[in-house]
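This report refers to the structure that appears directly beneath it.
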Amino acid sequence: MKFYKVQWVMLTAIIVILGAVFAGFAAAEQAEQHTPPSDELMELYDLTRKNIAAPLYATIKVQGEHEALTSAQLEQMADNIVKQLGWSGLRSEEENGQRTYRVRERMGDVKVSFDVVQSENKSYFKIQIEGQADGTIQRWLEVRDRSLRVLQGQGISAEWNAAFQGNVGSSKPAEELAARVETAYSQMMQVQMLDSYEDKNSSTISRSYQVPSLARKVLSGEEAIHMQIAVHEDYMKNKSTITIGFPVITVEY
116 MKFYKVQWVM LTAIIVILGA VFAGFAAAEQ AEQHTPPSDE LMELYDLTRK
166 NIAAPLYATI KVQGEHEALT SAQLEQMADN IVKQLGWSGL RSEEENGQRT
216 YRVRERMGDV KVSFDVVQSE NKSYFKIQIE GQADGTIQRW LEVRDRSLRV
266 LQGQGISAEW NAAFQGNVGS SKPAEELAAR VETAYSQMMQ VQMLDSYEDK
316 NSSTISRSYQ VPSLARKVLS GEEAIHMQIA VHEDYMKNKS TITIGFPVIT
366 VEY
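Going by the working numbering, the sequence shown opens with residue 116, and the numbers climb by one from there.
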């Protein structure tokens, strides 16, 4: 009887130890799952800020589409999104024969816009944040992440893209400035140019790149594009505007 008692005590101890071990593994796994990953856009912002002098103008877009909805359904979905984001002032307009819904908000000097457009087969949703990003980019990322969650929660296949713009007081040609920016990025990550376009009439050059370390991309044929750089020379003002888009440039330059 004493022997069985000892066995029972040993078995109990083993169970307790195993339970502690598995609990430790579970806690470690849970901690790993809840540890926020390094934000790719924040890293790109820091790198861009080192190569383009302030003020740095930024545009972040969160956009996606949904299967076509009835007018009532579209208005209800737009209203749900606005309320979940804590905004107000949703207005409906007719534009080119299509029903649109809009909201315009401000975060200090930063402009936030929400647009919904209904076409024949799809409903398109876009949230845009734009302004001088210096010192406020972390708040922008919070709005981007919340916008993604809200749109995706409504069944919208939403993605984000971003562009940074700044001016350089230089008489150097656009091609040389583009090469300088490209070199700066290539020192931090693997960069491979896919194509280059030059418009000598408007003194503009634009280039597309593959950057394997960047997760976000768009496909151009069978090739993935992760980043674009454009330089526009302004001879009248003796300066050039540099625009960098991730994964592509979706703003005017």
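Ideal placement from N, C-alpha and C gives every residue a C-beta, glycine not left out.
How would you label residue i, buried or exposed, when you count the other beta carbons within 10 angstroms and need 16 or more for buried?
{"i": "Q253", "result": "exposed"}
{"i": "L329", "result": "buried"}
{"i": "L156", "result": "buried"}
{"i": "T356", "result": "buried"}
{"i": "S323", "result": "buried"}
{"i": "P170", "result": "exposed"}
{"i": "M351", "result": "exposed"}
{"i": "E367", "result": "exposed"}
{"i": "E348", "result": "buried"}
{"i": "S272", "result": "exposed"}
{"i": "Q307", "result": "exposed"}
{"i": "G179", "result": "buried"}
Would you mind reading off the limits of the alpha helix (DSSP H) that contains residue i?
{"i": "T298", "result": "289-301"}
I believe residue i touches residue j by the beta-carbon criterion, under 8 Å. Please report the beta-carbon distance rounded to the nearest angstrom.
{"i": "A289", "j": "S318", "result": "6 Å"}
{"i": "A183", "j": "E235", "result": "7 Å"}
{"i": "L263", "j": "V177", "result": "6 Å"}
{"i": "A345", "j": "S321", "result": "4 Å"}
What are the boundary residues of the beta strand (DSSP E) that residue i is part of?
{"i": "T319", "result": "319-325"}
{"i": "A173", "result": "172-182"}
{"i": "D314", "result": "307-314"}
{"i": "H341", "result": "Segment: none, H341 is in no beta strand (DSSP E) and carries neither H nor E."}
{"i": "S207", "result": "206-210"}
DSSP three-state call for residue i: helix, strand or coil?
{"i": "R254", "result": "helix"}
{"i": "A193", "result": "helix"}
{"i": "P152", "result": "Confidence at P152 is low in this model, with a pLDDT of 41, below 50, so the placement of that residue should be treated as unreliable; the coordinate-derived value is given next. Looking at P152 - three-state DSSP - the assignment turns out to be coil, as it is neither helix nor strand."}
{"i": "Y160", "result": "helix"}
{"i": "Q233", "result": "strand"}
{"i": "G360", "result": "strand"}
{"i": "L334", "result": "strand"}
{"i": "S186", "result": "helix"}
Nearest CA to the CA of residue i: which residue from the options?
{"i": "F229", "options": "K315, N195, K237, D249", "result": "N195"}
{"i": "Q191", "options": "Q243, Q305, T215", "result": "T215"}
{"i": "W202", "options": "E348, A168, Q267, V218", "result": "V218"}
{"i": "L334", "options": "K354, G212, F361, R164", "result": "F361"}
{"i": "Y160", "options": "Q267, N282, G270, L256", "result": "L256"}
{"i": "G336", "options": "K354, K241, Y300, L309", "result": "L309"}
{"i": "R164", "options": "A278, I271, P327, E210", "result": "A278"}
{"i": "V258", "options": "G281, V231, S301, E220", "result": "E220"}
{"i": "L189", "options": "E338, Y239, Q307", "result": "Y239"}
{"i": "E210", "options": "M222, V231, V227, K226", "result": "V231"}
Confirm the yes/no value for this check: CB of residue i, any heavy atom of the ligand MG, distance under 7 Å.
{"i": "S323", "result": "Looking for the ligand MG in the displayed structure turns up nothing, as the structure carries no ligands at all."}
Please tell me whether residue i has its Cβ less than 8 Å away from any Cβ of chain D.
{"i": "Q191", "result": "No chain D is present in this structure, which holds just one protein chain."}
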